[in-house]
Every structure is written in structure tokens, then in C-alpha cells.
Amino acid sequence: MPVLIKDVAQGSPAQKAGIRPGMQLESINRHPIEDVLDYQFYATERRLEIRLLDGETPLSVKVRKEQYDDLGLEFETYLMDRQHSCKNKCVFCFVDQMPPGMRDTLYFKDDDSRLSFLFGNYITLTNMEEKDIRRIIEMHISPVNVSVHTTNPELRVKMMANPKAASSLKYLEQLAEGGVKVNTQIVLCPGLNDGEELERSLGDLGALWPGVQSVAVVPVGLTRYREKLYPLRPFTPEEAGAVIDQIENFTQRFYERRGCRLAYAADEFYLKAGRDLPDAEYYGEFSQLENGVGLLALLRQELSDALADSVDCEKERHISVATGVAAGDFIREMTEKIAARYPNFHCQVYPVLNDFFGREITVAGLVTGRDIIRQLQKRELGEALYIPGVMLRHEQDKFLDDLTIPDLERELGVPVHTVDNDGYEFLNTLMDEELF
24 MPVLIKDVAQ
34 GSPAQKAGIR
44 PGMQLESINR
54 HPIEDVLDYQ
64 FYATERRLEI
74 RLLDGETPLS
84 VKVRKEQYDD
94 LGLEFETYLM
104 DRQHSCKNKC
114 VFCFVDQMPP
124 GMRDTLYFKD
134 DDSRLSFLFG
144 NYITLTNMEE
154 KDIRRIIEMH
164 ISPVNVSVHT
174 TNPELRVKMM
184 ANPKAASSLK
194 YLEQLAEGGV
204 KVNTQIVLCP
214 GLNDGEELER
224 SLGDLGALWP
234 GVQSVAVVPV
244 GLTRYREKLY
254 PLRPFTPEEA
264 GAVIDQIENF
274 TQRFYERRGC
284 RLAYAADEFY
294 LKAGRDLPDA
304 EYYGEFSQLE
314 NGVGLLALLR
324 QELSDALADS
334 VDCEKERHIS
344 VATGVAAGDF
354 IREMTEKIAA
364 RYPNFHCQVY
374 PVLNDFFGRE
384 ITVAGLVTGR
394 DIIRQLQKRE
404 LGEALYIPGV
414 MLRHEQDKFL
424 DDLTIPDLER
434 ELGVPVHTVD
444 NDGYEFLNTL
454 MDEELF
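Quick look at the structure:
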């Protein structure tokens with residue numbers, strides 16, 4: 024189906040070839056264009072034959088450009104068609120545990136392979152067909168991020184409430200054999216896919232290495248909005264420790280055979296168990312940072328390097344940091360390292376309890392603006408409050424409860440700034456000084 028061209032960039036190869044807004048794109052070099060992946064893949068060549076519709080009139084234009092230069096076409100949506108939604112009903116789905124009355128986009132469940140490649144989203148493969156897998160392999164789209172949860176077909180059907188959850192596991196093998204790199208994740212639920220089932224999943228995924236290049240094991244997140252949902256509970260500290268032991272034992276064996284580590288427990292498991300985090304080198308290329316795997320180890324290493332590289336500074340600083348409960352002690356340890364290097368630096372760390380979703384939710388990325396206001400309104404915040412950037416949505420303008428940074432500043436009476444998970448940026452931002 025032809026795709027409507029919304030705009031054409033000034034001075035672009037497309038404009039110079041006479042392509043105008045309102046035309047419809049049909050094909051590039053005789054390849055039908057259905058979405059952004061087709062467009063980006065086939066528009067990279069130097070010489071293009073582009074077929075369009077101008078109203079009902081077929082039209083063909085030729086374009087010459089440098090390879091990989093942007094053709095210059097813009098469309099109604101970034102994907103060039105509708106976003107693919109999830110067809111599963113996972114027993115642990117976080118969207119099903121959202122409170123009512125939030126913005127519509129928070130209730131949409133995406134399961135779109137294009138978003139996996141473009142933005143790192145995880146997909147389940149259950150709404151894909153053989154032709155979709157062939158396209159990924161032919162286009163060499165890599166890496167692809169896949170939510171596996173278990174390699175036991177019957178258990179996967181149970182956990183995802185979708186008959187295709189079993190048959191779609193074959194696509195993992197096809198992607199791996201086709202040269203596509205795959206990052207996988209397992210959302211671990213006590214008594215469901217842990218223990219022997221986790222051992223099976225790790226072994227099956229390990230057999231697909233090097234196609235499968237990493238496995239992140241993350242604990243199930245449970246809010247207080249679980250009425251009429253599958254009965255699940257959080258991991259105890261002892262169980263979290265047992266999960267860490269199981270994964271580390273597996274990955275040590277794998278390392279001895281293959282020379283690399285494959286599977287990693289999320290940072291949250293270590294915090295829950297009260298265990299020391301591994302050193303940064305343990306995580307290799309940090310392929311699962313977005314899953315909260317190695318995030319804190321990397322920050323710790325980068326901050327240590329930053330402190331060693333930084334210049335002297337006598338600036339007086341009295342500030343505060345708000346974070347999730349899970350990382351509270353860790354962030355306090357990091358600010359104490361800064362204070363040891365800069366004695367005029369004073370920082371109060373406030374772990375924020377998650378009353379919005381429920382106190383079992385302890386990660387910083389799910390802390391809401393209203394919980395920060397309610398818990399910090401009468402606290403000593405110093406000259407400014409700093410929060411992790413992950414507390415805000417991708418556009419960095421709103422918390423999950425739609426409050427904004429100006430809302431916090433008005434209610435708390437201090438400037439509020441975000442800080443990224445980068446050790447050098449963390450130091451510069453908290454010190455409000457360029458130290459390198």
C-alpha cells in the first residue's frame with residue numbers, strides 16, 4: 024500500500040528530483056515500501072528509482088546521492104504505518120497493573136520488531152510470521168531484543184496466554200542461524216519460571232550462542248493494582264540471592280567454555296539480596312544496560328575514573344538527590360565518594376517510597392512526581408534537588424503521573440535538575456562545575 028509523503032526536506036535529493044508533499048511512495052528500486060525499515064534499508068543506495076503516485080497518476084523519478092545520505096522524505100508517522108500492538112496477556116504484564124486515569128499512551132502494549140531495532144524495545148515474536156523473520160535476516164537487522172521468559176513451550180503459553188508463544192520460539196533459532204544478533208530477557212517470577220525452568224532456559228539460550236549474545240534476568244515488578252490478576256509475589260532477599268548464585272554459576276561455566284559471559288542478573292537482584300555488585304568488567308560490552316543490568320557498576324567505575332581525572336575545586340555545594348529505594352544506599356555511597364574528594368560538597372540522599380504504584384516497586388524509573396513532593400516537601404533540600412533522568416519519560420518533560428519539573432520546583436521551592444547515568448556527567452552536574 025502506498026505511503027503518503029507529508030513533507031520533503033529543503034535541498035534534499037528528493038526535492039531536487041521533484042518529489043513533493045502529498046505524493047505517495049510506492050517502491051524504491053522496485054522494492055515495495057511498507058514501513059520505515061523498508062525505507063531506510065532500500066534508500067541507502069547511491070542510485071534510486073523511486074515510483075510514486077501523484078494523485079492517481081503513476082510516476083517514476085531517478086535520484087543520485089551519496090550512499091547513506093538521507094533521501095529527505097517525511098511521513099505522517101515515524102514508522103510509516105500503525106504501531107504493532109501486543110497480542111499476549113502475560114501474567115506479569117506491568118501495563119495490566121497500571122492504575123486508572125493515566126494518559127492513554129501508558130496503557131498501550133507495543134510488540135513491534137521495528138521498535139526493537141530502532142529504539143531497543145523488547146518483542147515476544149508472537150505476532151510475527153515467517154516473512155517477517157526472513158525480512159529481518161535479509162536486511163541484516165541487528166541486534167533484535169526478544170522477551171523469552173522461558174524456553175519451555177507449554178510454560179511460555181501459560182505465562183503469555185497466547186498459543187503462538189510456543190511455536191514462535193523457533194524464530195529465535197532462525198534469527199541466530201541467519202546471523203542476527205539477539206539480546207534476550209527473562210522476567211523471572213517466583214515459583215513459575217525460576218529454579219529448574221530458569222536452568223533449562225539458560226541452557227537452551229546458551230545453545231544459540233553466538234546468535235543469542237546476552238540474557239538479562241530481571242525480577243517481576245508488582246504494583247498494588249493486581250486485583251483479579253494471576254497470583255504472583257516478589258522475591259525475598261534469600262530467593263534473590265539464590266537467583267544470583269544460579270546465574271553466576273551458569274555464566275561461569277559458560278565463560279570457561281566460550282570465553283564470554285552470557286547471562287546476567289539485573290542490578291535489582293543484587294540490591295534486593297544485599298549483595299555487592301560485580302565490577303564493571305564483569306558485564307563485558309554492557310549489552311543489557313536498558314534492562315538495568317550493569318547500570319550501577321558502570322556508574323561506579325565511571326565516577327571513580329572521573330574523580331581521579333578531576334581538577335581541584337573549593338566550591339561550596341549543599342544539595343539533595345532523590346532516587347528509588349532500591350538504589351538509595353548505592354547513590355549515597357557515590358555522593359560520599361564525591362565528598363571525600365571535595366570536602367565542601369554536602370549532599371543529602373532521599374530514597375522515595377513508591378506509594379503511587381505500591382512499595383514493592385523500588386526502582387527509580389517508576390518514582391512519580393507526587394511521591395517526591397509529598398515525601399520531600401518538608402525536608403532540607405539545599406540549593407537544588409537532583410533526580411535521575413529515568414524518572415521522566417523519553418521526552419524528559421513528564422513523570423508517569425504527568426507532573427513536570429516546574430511542578431516540583433513550585434511545590435518544593437528549589438530548582439530541580441536531572442542527572443544522567445554517566446559518572447563524568449554525574450560528578451559535573453552535582454558539583455555544578457566543569458571539572459575536566
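Residue numbering for the sequence shown follows the working numbering, starting at 24 and increasing by one per position.
We treat Cβ as the ideally placed atom computed from N, Cα and C, and that holds for glycine.
DSSP links R74 through a beta bridge to S50, S83. Pairing H107 with R137 gives a Cβ-Cβ distance under 9 Å. By the Cβ rule, the region 189-207 does not count as touching the region 250-262, because fewer than three pairs are nearer than 8 Å. Per the Cβ contact rule, the region 35-51 is in contact with the region 65-72 (3 or more Cβ pairs under 8 Å).
Rounded to the nearest angstrom, the Cβ distance from V167 to V210 is 18 Å, too far for a contact under 8 Å. Taking C-beta separations shorter than 7 Å and ignoring five residues to either side along the sequence, the partners of Y130 in its chain run V118, M121, following chain order.
According to DSSP, I209 shares a beta bridge with V240. By the C-beta density criterion, F292 is buried, having at least 16 other C-beta atoms within 10 angstroms. At the C-beta level, G307 and R280 stay beyond 9 Å of one another. Comparing alpha carbon positions, the residue from D378, E337, N377, L319 closest to E356 is L319. Only exposed fits T80, as fewer than 16 other CB atoms lie within 10 angstroms of its CB. Inclusion of A286 and I270 in the CB contact set at 9 Å is warranted, their separation being smaller than that value. For V375, the enclosing beta strand (DSSP E) covers residues 368-375.
DSSP places V167 in the strand class (E or B) of the three-state scheme. Straight through space, the alpha carbons of A303 and E219 are spaced by roughly 29 Å. Listed in chain order, the non-local C-beta contacts of S35 below 6 Å within the same chain comprise G95, local neighbours out to five positions each way being set aside. DSSP places A263 in the helix class (H, G or I) of the three-state scheme.
The region 152-161 and the region 175-189 do not touch, with fewer than three beta-carbon pairs separated by less than 8 Å. The closest CA to that of V243, considering only R256, L231, S343, is found on R256.
Ranking V26, R43, L458, R69 by CA distance to the CA of P55 puts V26 first.
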